[in-house]
Amino acid sequence: MTSKKTALIVEDEQEIAELVRFHLQREGFECAVTRSGRRALELARQATPHLMILDLMLPDLDGLEVCKRMKESEQTRGVLIVMLSARGSESDIVTGIELGADDYVTKPFSPRVLMARIHNVLRRVSTPIRDELAESAIVRCGGNLIIDKERHQVSVNGKQVPLTTTEFAMLAMLARKPGFVRTRDQIIATVHGPKTVLSQRTIDVHITAIRRKIGEFGEAIETVRGIGYRFADGETVDAE
Ligand code: CA
């Protein structure tokens, strides 16, 4: 493991690439820049970076294809990917997240926002919430919302909340990785079972029901417009 954090910036607009490089370097990242999606994949294989800043519109391979190939290869699967996308390309963002991108920033963006997103992504992965642990664990959010995955029970301030199986599965999925955006299709894929048929629209209905039932914690489930939902990042989550 290298001690220096490394970032690969994949962006064909030189001004943006330089801006991102400047700010990442100031935060101690060692940066490489390329304007080509193909070259990015080569570079990532030669020296796996910690972080990839990935523009979606590139002259050769587009960013979504780069993201897909990064996640397909065992060597580069763990690289954190923050996508840069043009405003209004929500379907691209949805696709990117489904392909495994960790977050996105829409252009034009302020460097402050970009760096905040990057910090969030880095912090999230350094929090020791391991899937295998969380899978059977009790998740406490701010101490008073408890999701007991073994008993399939949720309680708020000590009072049990009657959630349906689908609602429970959705809440548990979102709460497992606070701060990560989940698209409606990802929620469907996780929650879908032989007895549950979910459409994009029914997801919204279930979310409304969950929010109502968990009362003051309802706000923790954030709507990410045009994309999906996310469990608030600010909550303390302990896996036991
Ligand atoms: Ca571009």
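Going left to right, the sequence shown walks through residues 3 to 242 as our numbering numbers them. Built from N, CA and C at the ideal position, the CB exists for glycine as well. Treat the numbers as computed from the prediction; the structure is a model and nothing was measured.
Roughly how many angstroms separate the alpha carbons of residue 186 and residue 44, rounded to a whole number? For the pair residue 186 and residue 44, the Cα-to-Cα distance works out to about 32 Å.
Let me know if residue 104 comes out buried or exposed under the rule of 16 or more other beta-carbons within 10 Å of its beta-carbon. Buried is the call here.
Starting from the C-beta of residue 23, find all residues in its chain whose C-beta is less than 7 Å away, skip the five residues before and the five after it, and write them out in chain order. The residues are 11, 33, 35.
Proximal residues to residue 6 (C-beta, below 7 Å), its chain only, five neighbours per side dropped: So the list reads 32, once near-sequence residues are dropped.
With DSSP as the reference, please indicate the residues paired to residue 33 in a beta bridge. Residue 33 is bridged to 9.
Supposed close pair residue 81, residue 39 - CB separation, criterion 8 Å: Contact doesn't hold; Cβ gap of about 14 Å is too wide.
Can you tell me the Cβ-Cβ gap for residue 92 and residue 217, rounded? I've got them flagged as a contact below 8 Å. Wrong, their Cβ atoms sit about 30 Å apart, outside the cutoff.
Under the three-state reduction of DSSP, which class applies to residue 224: helix, strand or coil? It is a strand residue.
When you compare the CB positions of residue 66 and residue 97, do they come within less than 7 Å of one another, or not? Against a cut-off of 7 Å, the Cβ pair of residue 97 and residue 66 comes out as a contact.
Here's the rule: buried if 16 or more other CB atoms are within 10 angstroms of the residue's CB, otherwise exposed. What is residue 161? Counting C-beta atoms within 10 angstroms of its own C-beta, residue 161 has fewer than 16 neighbours from the protein chains shown and is therefore classed as exposed.
What are the residues that DSSP puts in a beta bridge with residue 84? Per DSSP, 55, 105.
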